[in-house]
Amino acid sequence: MKTTLYYFSATGNSLKVTRDLAGVLGNTKVVSIPKHIGKSIDVKTDAVGLIFPVYMWGPPLIIARFIKKMKVRKDTYVFAIVTYGGLSAGTLPILSKLFQKKGIRLKAGFTMLMPGNYTPFYNAMPKWLQKFMFNRELKRIKRIANIVRKRKRHRLEQTFFLISWILSGLLHGKKALQIPVMDKGFWVDENCNSCRICEKVCPVKNIRMKNKRPSWLHHCEQCLACLHWCPKKAIQWEKRTKKRRRYHHPKVKLSDLY
Ligand SMILES: Cc1cc2nc3c(=O)[nH]c(=O)nc-3n(C[C@H](O)[C@H](O)[C@H](O)COP(=O)(O)O)c2cc1C
Ligand code: SF4
Ligand code: SF4
């Protein structure tokens, strides 16, 4: 095996990007980050990539925990792809600092615009726009694969410096502190049929069924997998999501994320 791709994905965008890249590169192992969290990660391949979504202009909390456990040889080619719905800001420079603390150098960082899934702020995109983004993704993957295959250095892609500095430098840290308890905003409406899918799909086991209804345990990633994959659209966040469409990548199935 030449490359390992570690991914985190709630609604499938980052998983689709991971699979597409693995398909173009060949000889690649694909590994779920939540399934390996807490374990020691000893990277033995020549190249390793992290692929995950942008959360509040930075990496999800689970990524920082994962990097702490990573062991990477000095000559390993380390790269990352972040999927995002509007502004990736300075997510990749933040990631680079997390790696630096472990003495690891992030050699290339790419951003990939995909349909946004943050339903508390906006509705799911119309299908025609999603399709446009999916076609663009396939083209970009070929370019990224070319750079990765040659083990080339590539700048850490980010939004215009001043915007990145404000959103990622000033706001991300404060927002990230609130994330674990943001699940206090979730509630479940009368359409819940107690199927337990939300409990199963949660990547960090933050949902337990109580009296046949989900209850949230306050170590949330705010990934929204529970909200988007509930077959009855019964999970809501505050008053904002009742009328909004749910989203998941059409090529990714619920069972791919368990
Ligand atoms: C908690 C949360 C915060 C988000 N913050 C951002 C953000 O700061 N910038 C952005 O462009 N997209 C943001 N998004 C959108 C996701 O990054 C984007 O839809 C991503 O492709 C989802 O990946 P997934 O399908 O692999 O889970 C956010 C989504 C969530 C759930
Ligand atoms: S996935 Fe939806 S319907 Fe199923 S138990 Fe959870 S909230 Fe209820
Ligand atoms: S409770 Fe929902 S939003 Fe929080 S980590 Fe689990 S699936 Fe994601």
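Take the sequence shown: its position 6, counted from the start at 1, is 797 in this note's numbering, and no numbers get skipped. Each residue gets a CB set at the ideal place from its N, CA and C atoms; glycine is no exception.
Asked, Found
"Ligand 1 heavy atom lying under 6 Å from the CB of V845", "yes"
"Element boundaries [alpha helix (DSSP H), containing G964]", "G964 to Q969"
"Proximity to L812 [Cα-Cα], best of K975, E1029 and T795", "T795"
"L1015: CB within 6 Å of a non-hydrogen atom of ligand 1", "yes"
"Residue interval of the beta strand (DSSP E) (run including F952)", "From DSSP, F952 is part of no beta strand (DSSP E) but of the alpha helix (DSSP H) over F952 to S955."
"Separation of V873 from L852, as counted between CA atoms", "14 Å"
"Any non-hydrogen atom of ligand 1 closer than 6 Å to T855 Cβ", "One detail in the question is off: residue 855 reads as Ala in this sequence, not Thr. It does not: the Cβ of A855 is nowhere closer than 6 Å to a heavy atom of ligand 1."
"Alpha-carbon spacing of P917 relative to G894, whole angstroms", "43 Å"
"G821 and T802 closer than 7 Å at C-beta", "Per the sequence shown, residue 821 should be read as Val rather than Gly. Not closer than 7 Å, so no."
"Rounded C-alpha distance that separates K975 from Q1013", "10 Å"
"Chain-order list of residues whose beta-carbon lies under 7 Å from that of T1032 (same chain, five-residue window excluded)", "T910, P911 and L1018"
"Cross-strand partners of S823 (DSSP beta bridge)", "Y798"
"Sub-7 Å separation of P971 and H1009 beta-carbons", "yes"
"Contact set for I858: own chain, Cβ-Cβ below 7 Å, skip 5 residues either direction", "L889, F890 and K893"
"CB of V979 within 7 Å of CB of A1025, strictly", "yes"
"Straight-line Cα distance separating A899 from S887", "10 Å"
"DSSP three-state assignment for K1001, whether helix, strand or coil", "strand"
"Beta-carbon proximity of S959 to I854, cut-off 7 Å", "no"
"V995 CB to nearest heavy atom of ligand 3 below 6 Å", "yes"
"8 Å contact criterion, which K862 and V834 should meet: CB distance rounded", "7 Å"
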